[in-house]
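Following: one structure in structure tokens, then a few remarks.
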Amino acid sequence: MSYVLTAMQGQGTGRLLVYSPDASPASASPPTSNRDSSKESLSSSTGGTARVLVDGLYFANGVALARDESYVLVAETSSKRVWKVFLKGEKAGTKSVLIDSLPGYPDGISRVVADTTSPDSVDAFWIAIIVGDSPILKAVYKGGKNARWLASWLLQVIPPPVKPFGMVMKVSGDGEVLQVYKDPKGKIISGISGVQEVDNKLWMGHLTGNYVSYLEL
Numbered sequence: 015m016s017y018v019l020t021a022m023q024g025q026g027t028g029r030l031l032v033y034s035p036d037a038s039p040a041s042a043s044p045p046t047s048n049r050d051s052s053k054e055s056l057s058s059s060t061g062g063t064a065r066v067l068v069d070g071l072y073f074a075n076g077v078a079l080a081r082d083e084s085y086v087l088v089a090e091t092s093s094k095r096v097w098k099v100f101l102k103g104e105k106a107g108t109k110s111v112l113i114d115s116l117p118g119y120p121d122g123i124s125r126v127v128a129d130t131t132s133p134d135s136v137d138a139f140w141i142a143i144i145v146g147d148s149p150i151l152k153a154v155y156k157g158g159k160n161a162r163w164l165a166s167w168l169l170q171v172i173p174p175p176v177k178p179f180g181m182v183m184k185v186s187g188d189g190e191v192l193q194v195y196k197d198p199k200g201k202i203i204s205g206i207s208g209v210q211e212v213d214n215k216l217w218m219g220h221l222t223g224n225y226v227s228y229l230e231l
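Residue numbers (our numbering): 15 to 231.
The following block contains the structure:
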């Protein structure tokens, strides 16, 4: 239930961390933030360093790395968007919106394993939409701090006002929507929290379900 409370509170406390096994904080790209997070590092007993790459995210969630490691995607669940964070090149240390105004709240992200021998092969990613767009959730977010606090308290004693919904979508590394599979009423599949394409099958995990589903592609 803590994840529901985090979403309802509507606070930008989410962070994306990068772990460098043998590097110091100064060797990595600067954080993409409105404030200085360069000192927010944590050294491990093995000599590596974990550092804040992006902060200020509203419910940071799924992460997927590009094939050439030039950028990484991170889902911002409460804002219904996915960010593209650049790791290499002139844009290193900056971020831009990959896709916004999604028809629901994104959770897990995975990269499609492409044919690396093909010169035309490009990155593509699957995004799991765990909950569909909800008028109730919209009202809570727009209602301000007091409305979110009240909703967070109520959710401790009543079930979340969320209808069953199932959806996954495939997007390119530039944010173009390539494919969508949807069960709008969640009759067969709902609450998809993770998605992975393997051998022409789309495997899907569920946050509250005790099963794994797959779809033949």
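A virtual CB, placed ideally from N, CA and C, is assigned to each residue, including glycine. Small disclaimer: the values here were computed from a predicted structure and weren't measured.
Within the segment 61–106, the complete beta strand (DSSP E) segments of 3 residues or longer fall at 63–71, 74–79, 85–90 and 95–100, listed in chain order.
The segment 175–188 and the segment 99–108 do not touch, with fewer than three beta-carbon pairs separated by less than 8 Å.
Cβ-Cβ distances below 7 Å link H220 to G205, I206 and S207 in the same chain, with the five nearest sequence neighbours on each side left out; the list follows chain order. When the Cα atoms are used, A80 and V99 turn out to be separated by approximately 10 Å. From the listed residues N214, R65 and G118, the smallest Cα separation to D197 is found for G118. Judged by DSSP secondary structure, G180 falls within the beta strand (DSSP E) whose first and last residues are G180 to S186. For I141, the enclosing beta strand (DSSP E) begins and ends at A138 to G146.
Look at P149 here: in three-state DSSP terms it is helix.
Cα atoms of Y85 and K152: separation of roughly 31 Å, rounded to the nearest angstrom.
Non-local C-beta neighbours of V176 in its own chain, meaning closer than 7 Å and more than five positions away in sequence, comprise V145 and S148, ordered along the chain.
Collapsing the DSSP output to three states places L164 in a helix.
For the 8 Å CB-CB criterion, V88 and L31 do not form a contact. Secondary structure note for K109: its beta strand (DSSP E) is the uninterrupted segment K109 to I113.
Minimum Cα-Cα distance from L101 among the listed residues G62, S93, N160 and E83 corresponds to E83.
Between the C-alpha atoms of A64 and G28 there is a straight-line separation of about 15 Å. In this structure, I141 and V96 form a Cβ contact; the two beta carbons are roughly 7 Å apart against a cut-off of 8 Å.
For E230, the enclosing beta strand (DSSP E) covers residues V226 to E230. When secondary structure is reduced to three states using DSSP, K177 falls in the coil class, being assigned neither helix nor strand. In this structure, M218 sits away from V212, with a CB-CB distance that is not shorter than 8 Å.
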